[in-house]
Amino acid sequence: MDARSEAEVLQRLSSQGYIVNLIVPTTTSKQGAQPVKQAVRSTPIGPVYRLKPPPRELAVFFRSLASFLNAGVTLHHAITKTGEQCSNRIMARICEHLTVAVQAGHKLSEAMLQFPRAFPRHIVGVVAAGELGGFLPVIIGDLALDYEIAQRASTRLRRWVIWLGWINAIGTFCLAPALPIIAPKLMEQGFRGISAGVIAWLIWTTKYVVVPFVLLLLAYFILKAVISTPSIREFWDSFALRIPWIGQAKRERSLASFARVLSRLLNAGVLPVQAWEAACNVSENLAMARRLREQGAILRSGGSLTQAMAAAGCITKDDERTLLVGEQSGQVGDALKRISAYYEDAALNSAGRAERAAVHFVITVNIIALAVAFYCIEGLTTLKVLSTFENM
0 MDARSEAEVL QRLSSQGYIV NLIVPTTTSK QGAQPVKQAV RSTPIGPVYR
50 LKPPPRELAV FFRSLASFLN AGVTLHHAIT KTGEQCSNRI MARICEHLTV
100 AVQAGHKLSE AMLQFPRAFP RHIVGVVAAG ELGGFLPVII GDLALDYEIA
150 QRASTRLRRW VIWLGWINAI GTFCLAPALP IIAPKLMEQG FRGISAGVIA
200 WLIWTTKYVV VPFVLLLLAY FILKAVISTP SIREFWDSFA LRIPWIGQAK
250 RERSLASFAR VLSRLLNAGV LPVQAWEAAC NVSENLAMAR RLREQGAILR
300 SGGSLTQAMA AAGCITKDDE RTLLVGEQSG QVGDALKRIS AYYEDAALNS
350 AGRAERAAVH FVITVNIIAL AVAFYCIEGL TTLKVLSTFE NM
């Protein structure tokens, strides 16, 4: 077919009802066949390492891709259709690059490596495990579900922050009618006393609330950028495992992902050693991934899965017995599936407890800060401002 570009060929064949798997330019053309790397770099997407779409767009991307693959559409055509439906410009550009890379013969996991900010290491590991076991549509559907659960948790936390802000704003406006009770000394001074109290409140709020909040917010973003580096990420993940509630949730989430992928790989007929190494890459926590990866030597020396899991020290004695019975009965895949379901439920419960503890902590700190503010207005800051008014 004579055309000016591959995009034109794809559009014309798709309009005729064809499903395009690969487009190869003829060697008699003016430009000739281009190498794979040059074709990937020629796409107008800019620096790929800077592209990071919102989590909501990633959830929609994986859900749409899983739907197309479950319908029997080829991977190249599924990514193309998903990119055409993306409303986010960054996600559409990522889909464009993935389409070119898959069309050139690369695996989807290899193409995702070009976007470390959009697809973290454990996400690429999950996709690679699906490619290894031949259950890519199923594993992509699991990724979509994980992103949707994380998005709902983020929405709940953001709603709590907004509600807390409204409570503080309403409380600030409702403070004026309560001045006779809170600060009787100010009422004795008349209008000048009330004005001094308002100024004292603004000074205290700016100095002890607004400025620390801005500094904490800035420190959060700096810390987030620092811990994203590979050299510090593992240290931070190891520290996070020791934090109450949060560490338990991260540990259970990593074990759930590991057991789920390992179960599917074994049921797909992958060798235990190869399945173990592939499943270690799906753990979001680098410290947990390293701990599990170190136990691969037990399998390579002829040990069992139960011995490797016990040596990692990540599961309970009951889970060890369940896995041992599964190995002895030839149902190790089903045993791992039950263990994965248990840790998934436990991770959700632990995450809920951690979220509630964080909200209660913030509310408690907020109440204490308000009490201290009232004390400062009445006993300290008010007197200083009043003396300033008298000298004017």
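Residue numbering for the sequence shown follows numbering that gives the first Met the number 0, beginning at 0 and increasing consecutively.
C-beta atoms are modelled at their ideal positions from N, C-alpha and C, and glycine is treated no differently.
The structure displayed is predicted, hence computed values, not measured ones.
Restricting to Cα atoms, I'd like to know which of Ala218, Pro53, Ile231, Met287 is closest to serine 153. Pro53
Buried or exposed (CB count within 10 angstroms, at least 16 for buried), isoleucine 242: exposed
If you draw a straight line from the C-alpha of valine 269 to the C-alpha of alanine 218, how long is it? 45 Å
In the DSSP assignment, find the unbroken alpha helix (DSSP H) run with tyrosine 393 in it and report its ends. Residue numbering for the chain in the displayed model covers 0 to 391; residue 393 lies beyond these limits and cannot be assessed.
My output table needs one value for serine 303: the three-state DSSP class, helix, strand or coil. coil
For isoleucine 122 versus glycine 129, is the C-beta spacing smaller than 8 Å? no
Could you spell out the range, first to last residue, of the alpha helix (DSSP H) harbouring tryptophan 275? 271 to 279
Pull up the CB-CB distance for glutamate 319 and threonine 305, whole angstroms please, since I reckon it's below 8 Å. 6 Å
Please determine, among Thr81, Gln330, Val72, the residue with the shortest C-alpha to C-alpha distance to valine 59. Thr81
In the DSSP assignment, find the alpha helix (DSSP H) that holds leucine 124 and state where it starts and stops. It is glycine, not leucine, that sits at residue 124 in the sequence shown. 120 to 132 is the span of the alpha helix (DSSP H), which, as asked, contains glycine 124.
Quick check on valine 72: does DSSP put it in helix, strand or coil? coil
Looking at C-alpha atoms only, which residue of Asn69, Ala278, Gln247 is the closest neighbour of serine 262? Ala278
Separation of methionine 111 from threonine 204, as counted between CA atoms: 46 Å
Does asparagine 268 come out as helix, strand or coil in the three-state DSSP assignment? One point to set straight first is that residue 268 is glycine, not asparagine, in the sequence displayed. Glycine 268 falls in the coil class under three-state DSSP.
Starting from serine 328, trace the alpha helix (DSSP H) in both directions and tell me its first and last residue. 316 to 328
Proximal residues to arginine 252 (C-beta, below 6 Å), its chain only, five neighbours per side dropped: Ala346
Can you look up glutamate 95 in the DSSP assignment and give me helix, strand or coil? helix
For lysine 336 and arginine 259, what's the separation of their Cα atoms in angstroms? 6 Å
Beta-carbon proximity of valine 324 to alanine 310, cut-off 8 Å: no
Look at alanine 143 and phenylalanine 61 and say whether their C-beta atoms are less than 8 Å apart. yes
Quick one, are the C-beta atoms of alanine 286 and serine 227 less than 8 Å apart? no
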